[in-house]
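Q: Before anything else, here's the structure in question.
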Amino acid sequence: MKIDIVRAGLLTTVQDLGRTRYRQFGVSLGGALDVHAMRVANLLVGNDESAAGLELTLGGVRIRFTDERLIAWCGGEFDVPVPPGHAARMHAGDEISFGQPKIGCRSWLAISGAIEVPIVLGSRSTDLRAQFGGFEGRALRDGDAVSLGRSRNGGAAAAISSWSAPREWTQTAEDEPTLRIVRGNEWEIFDAFGLTSVHFDVTPDSNRMGVRLDGPELPRKEDVDLTSEAVAPGTIQVPPSGQPIVLLGDCQTIGGYPKIAHVITVDLPRAAQLRPGDRVRFREVPLEQARELLRQRENDYRCFKTGLSLQRA
Amino acid sequence: MPRSRAKIDIVPLGDSAVVLRVPNNDAALKAQRQIENAQIAGVIECAPAYDSLGIFYEPGAIESFDQFVSQIQSASKSRDRRAKVDSRLIEIPASFNREVALDLGLVAQHAQLSPDEVVDLYCRVEYRVACIGFTPGFPYLIGLPKKLITPRHATPRKEIPAGSIAIGGHQTGIYPSASPGGWNVIGRTPVQLFDPNNDPPVLLRAGDRVRFTRSTS
Chain A
0 MKIDIVRAGL
10 LTTVQDLGRT
20 RYRQFGVSLG
30 GALDVHAMRV
40 ANLLVGNDES
50 AAGLELTLGG
60 VRIRFTDERL
70 IAWCGGEFDV
80 PVPPGHAARM
90 HAGDEISFGQ
100 PKIGCRSWLA
110 ISGAIEVPIV
120 LGSRSTDLRA
130 QFGGFEGRAL
140 RDGDAVSLGR
150 SRNGGAAAAI
160 SSWSAPREWT
170 QTAEDEPTLR
180 IVRGNEWEIF
190 DAFGLTSVHF
200 DVTPDSNRMG
210 VRLDGPELPR
220 KEDVDLTSEA
230 VAPGTIQVPP
240 SGQPIVLLGD
250 CQTIGGYPKI
260 AHVITVDLPR
270 AAQLRPGDRV
280 RFREVPLEQA
290 RELLRQREND
300 YRCFKTGLSL
310 QRA
Chain B
0 MPRSRAKIDI
10 VPLGDSAVVL
20 RVPNNDAALK
30 AQRQIENAQI
40 AGVIECAPAY
50 DSLGIFYEPG
60 AIESFDQFVS
70 QIQSASKSRD
80 RRAKVDSRLI
90 EIPASFNREV
100 ALDLGLVAQH
110 AQLSPDEVVD
120 LYCRVEYRVA
130 CIGFTPGFPY
140 LIGLPKKLIT
150 PRHATPRKEI
160 PAGSIAIGGH
170 QTGIYPSASP
180 GGWNVIGRTP
190 VQLFDPNNDP
200 PVLLRAGDRV
210 RFTRSTS
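As given, the protein sequences belong to chains A and B, one line each in that order.
All residue numbers for the first sequence refer to numbering that gives the first Met the number 0, where the first residue is 0 and numbers rise by one.
All residue numbers for the second sequence refer to numbering that gives the first Met the number 0, where the first residue is 0 and numbers rise by one.
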C-alpha cells in the first residue's frame, strides 16, 4: 500500500485540487497547477476527481510500485513509457520513469487508490511556502515511501477503460504558446499594446507562485497608489520593474501591484507548462468568452466523467 | 457614523472572481458576512482586504453574470443582523530588544525619536486587523501612529525571522513564519499566529483589535 520514490527529481509534490475556503486567512489555493489535468488523470484510474496525486517538475523521476495499481498522467511532453491520458496497469516491483520533457514543465500522475496523506485544512496539497500539508509539508526526496489508499475494486486495480481523454486536456505544453487574457483592473494605466504585441521570455526565478517574465518594459502611463486587494491564479501583475508576473496556484492571496490582465482559466494549464527560457505571447479575449469557454470545458468534462462511469458500470 | 454609503463598485478579477470595492474596512468585513449568509449559488469563498472583498465563484454554477452581480449588490445592501463583525481584543507580548529589533534604530532616526520613545508610541495605541494575507496568518494592521510611518527597504531582506513585528510605510504587521520582506523590523513576539492543525488556523482574524505589550525577556 505504498510507492517507493527511487528518484524524486527536481520538485515532486503531493497535490490535489487545492485548498479552498482559507484564502481569508492568507492560505494559498495551491493544489495541482493544472487542476483539470489532475482530475482527468484521477478519473482514468477510477479515483474521485479530488484524490491526491503527484505533481512532477522537469522529469528525472523514478517510482517503484509495491502492489498492483492503475496509473494515468497528463501534462507536458515527458518521456514516459505510458502514453498520456491513458490508464496503464503496474504490478508489484514495476517501475515507471519520467524523463526530461521535450516541451513543457510539469506533469500530474494519478495512482488508483490515491496518495494517502493527512488532510490539512481541507486538502492533501503540499503548501511549500508555509511548509504544511502533502508529504510532511515538503517536496518528495529520494528514498521516501509514500502511502497509498485502497483501490476502489478491492485489492486488484479496476479494469482499464478503453477510453482516453481528449488530447488538449492531456498534452498541454506548446512551443511558444499564446495565452488568452482578459483585461485586469489596471489595464488602462499601461499601454496594453506592450503586452499583446511582443513575446516574453520566462525567467529562471519562476516557481509555483508565479511565472516571471522578461521582455520590453511595460511603463505606467500614470502613477497610481493601490491598496492591496485580492489576486488569483492567472492574474498578471506588473511590479515597478515593468516586468510582468503571471501568478500560479501558490500565489499569495492579496497583492498591491497593478493587475494589467488575467490569463483565462482554461489557459492556465498552458501557463503551468512554461519553463525558464520558454517564450510566451498574450492575446486579449472578451470576458464573456472566457467564461463561456470555461462553461464549455466543464460541460465536456462532465460528459467525459459520466461516459467513463457508464463504461465501468 | 455616516449612513450614506458610496455606490458599491464590483469589478471582475479574471473570469472566476470579482472584487467588491467598499468605502472602508468595516464595510468590507460586513459585506463578507452578508454575502456568506446570503448563500448565493456559485460563490466558493470570500477574501477581504483593506477596503475590498474578493469573491471567488464557479462560472458554471451561475445563470448569468449580470444576475450574479446584482445578487451580490443586493446581499451587500441587506440589513442582515447576523452580519455584525465581532471584534476581539488580543494582546501580543513582544520584545523590542536590540537583538530582535533589526530596524528600530532606523525607524527612530526617521521619526526623530529615541528607540524607547518609538516603542512607547507603538505600544500605546490599539490596532485593528484589516485583513490576513501575504503569508498564512500575516495580519495587516491599521492604526500606526503617523510619526512612525517609515518607508520600506529598497531591497527586501532575504529572510525576516518568524514573529517579527514590522513597519512598511503606513502599514504594520507580524510575520507568522520566516520569509523574505522589505518592512522595518522593530520587535518580535513568541506568539504563534498560524497553526495549520487548528481550524481556523489563525490567531488573529480580520476585525480583531490588537495591542502590543512590552515583555522584559
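For each residue, glycine too, the CB sits at the ideal point set by N, CA and C.
It should be emphasised that the depicted structure is a prediction, and the values quoted were computed from it without experimental measurement.
Between the beta-carbon of G167 (chain B) and the beta-carbon of W182 (chain B), is there less than 8 Å?
A: In contact: G167 (chain B) and W182 (chain B) (Cβ atoms closer than 8 Å).
Q: Taking the C-alpha atoms as reference points, what is the distance between A51 (chain A) and A109 (chain A)?
A: For A51 (chain A) and A109 (chain A), the distance between alpha carbons rounds to 7 Å.
Q: Can you check DSSP and say which residues form a bridge with I185 (chain B)?
A: I185 (chain B) is not bridged to any residue.
Q: Thinking C-beta only, is T125 (chain A) closer than 8 Å to V13 (chain A)?
A: Contact: yes.
Q: For R22 (chain A), I'd like the list of residues in its chain whose CB is within less than 8 Å of its CB, leaving aside the five on either flank, ordered along the chain.
A: Here the set comprises L28, A229 and T252.
Q: Pull up the distance between the alpha-carbon of A155 (chain A) and that of G30 (chain A), whole angstroms please.
A: Interpretation of A155 (chain A) is limited by its pLDDT of 43, a score under 50 that renders its predicted location unreliable; the figure taken from the coordinates is listed afterwards. Near 28 Å, if we compare the C-alpha coordinates of G30 (chain A) and A155 (chain A).
Q: Is it buried or exposed, Q170 (chain B), if we count other Cβ atoms within 10 angstroms and call 16 or more buried?
A: So Q170 (chain B) ends up on the buried side.
Q: When you compare only the Cα positions, how much space is there between D174 (chain A) and L127 (chain A)?
A: Each residue's Cα considered, the two are about 28 Å apart.
Q: Comparing alpha-carbon positions, which option in A:G233, A:L217 and A:D222 lies nearest V210 (chain A)?
A: Answer by Cα proximity: A:G233.
Q: Within 8 Å (strictly less), CB to CB, does Q14 (chain A) reach chain B?
A: Judged by the 8 Å Cβ criterion, Q14 (chain A) is not in contact with chain B.
Q: In terms of residues, what are the limits of the beta strand (DSSP E) holding L108 (chain A)?
A: Segment R105 to I110, the beta strand (DSSP E) holding L108 (chain A).
Q: Smallest Cα separation from R151 (chain A): which of A:S49, A:D266 and A:G45?
A: Closest by alpha carbon: A:G45.
Q: Taking the C-alpha atoms as reference points, what is the distance between T171 (chain A) and E297 (chain A)?
A: Answer to the nearest angstrom: the Cα atoms are 17 Å apart.
Q: Considering only residues of the same chain and omitting the five flanking positions on each side of E90 (chain B), which have a CB-CB separation below 7 Å?
A: The answer, listed in chain order, is R210 and T212.
Q: Which same chain residues, not among the five before or five after V81 (chain A), have their C-beta less than 6 Å away from its C-beta?
A: Within the same chain, V81 (chain A) has close Cβ partners A87.
Q: With 7 Å as the limit, tell me which residues of the segment 3 to 30 of chain B have their beta carbon closer than that to any beta carbon of chain A; keep them in chain order.
A: Answer set for the segment 3 to 30 of chain B: V10, P11, L12, G13, D14, S15, A16 and V18.
Q: Could you name each continuous beta strand (DSSP E) segment of 3 residues or more that falls completely within the segment 244 to 303 of chain A, going from the start of the chain to the end?
A: For the segment 244 to 303 of chain A, whole beta strand (DSSP E) runs of length 3 or above, ordered along the chain, are 244 to 246, 258 to 262 and 278 to 283.
Q: Give a yes or no on whether the minimum CB-CB distance between S94 (chain B) and chain A is below 8 Å.
A: It does not; no Cβ of chain A falls within 8 Å.
Q: Using a Cβ cut-off of 9 Å, which residues of the segment 218 to 231 of chain A contact any Cβ in chain B, in chain order?
A: Listed by position along the chain: T226, S227, E228, A229, V230 and A231.
Q: Looking at the unbroken alpha helix (DSSP H) that takes in F67 (chain B), where does it start and where does it end?
A: From DSSP, the alpha helix (DSSP H) with F67 (chain B) extends over F64 to K76.
Q: Could you compute how far the alpha carbon of L69 (chain A) sits from the alpha carbon of G98 (chain A)?
A: When rounded, the distance between both Cα atoms is 20 Å.
Q: Nearest-angstrom Cα distance between H261 (chain A) and V60 (chain A)?
A: Going from the Cα of H261 (chain A) to the Cα of V60 (chain A) covers about 32 Å.
Q: Given a cut-off of 8 Å, decide if L192 (chain B) and G136 (chain B) are closer than it, judged by their beta-carbon atoms.
A: In this structure, L192 (chain B) lies closer than 8 Å to G136 (chain B) by Cβ.
Q: Evaluate the contact criterion for the segment 26 to 39 of chain B versus the segment 268 to 282 of chain A: three or more CB pairs, one atom per stretch, below 8 Å.
A: Short answer: they don't touch.
Q: Just confirm the distance between the C-beta atoms of A217 (chain B) and V99 (chain B), as a whole number of angstroms; I'd bet it's less than 8 Å.
A: Beyond the ends of chain B as shown, which are 0 and 216, falls residue 217 (chain B); an answer cannot be given.
Q: With respect to 7 Å, is the separation between the Cβ of R81 (chain B) and the closest non-hydrogen atom of the ligand GDP below this value?
A: As presented, the structure is devoid of all ligands, the ligand GDP included, so that no description of it is given.
Q: Does chain B have any CB closer than 8 Å to the CB of G133 (chain A)?
A: Answer no: the Cβ-Cβ gap between G133 (chain A) and chain B never drops below 8 Å.
Q: Pull up the distance between the alpha-carbon of E135 (chain A) and that of E94 (chain A), whole angstroms please.
A: The alpha-carbon atoms of E135 (chain A) and E94 (chain A) are separated by roughly 24 Å.
Q: Using the Cα positions of P239 (chain A) and A129 (chain B), report the straight-line distance between them to the nearest angstrom.
A: Taking the straight line from one Cα to the other gives about 25 Å.
Q: Between which two residues does the alpha helix (DSSP H) containing M37 (chain A) stretch?
A: Its alpha helix (DSSP H) spans residues V34 to L43.
Q: Excluding the 5 residues flanking L120 (chain A) on each side, which residues of the same chain have their C-beta closer than 6 Å to its C-beta?
A: These residues qualify, in order along the chain: R18 and Y21.
Q: Nearest to R140 (chain A) by CA position, among A:R166, A:V265 and A:I4, is which residue?
A: Closest option to R140 (chain A), Cα to Cα, is A:I4.
Q: Looking at C-alpha atoms only, which residue of B:P200, B:R156, B:I173 and B:P11 is the closest neighbour of F131 (chain A)?
A: Of the candidates B:P200, B:R156, B:I173 and B:P11, the one whose C-alpha sits nearest the C-alpha of F131 (chain A) is B:P200.
Q: Buried or exposed, going by whether 16 or more other CB atoms sit within 10 Å of the CB of E167 (chain A)?
A: So E167 (chain A) ends up on the exposed side.
Q: Under 6 Å Cβ to Cβ from R149 (chain A), same chain only, skipping five residues before and after it: list those, please.
A: Counting only Cβ-Cβ distances below 6 Å, and skipping sequence neighbours, we find G112.
Q: If contact is defined by three or more beta carbon pairs under 8 Å, each pair taking one atom from either stretch, is the segment 200 to 220 of chain A in contact with the segment 38 to 49 of chain B?
A: Too few Cβ pairs lie closer than 8 Å, so no.
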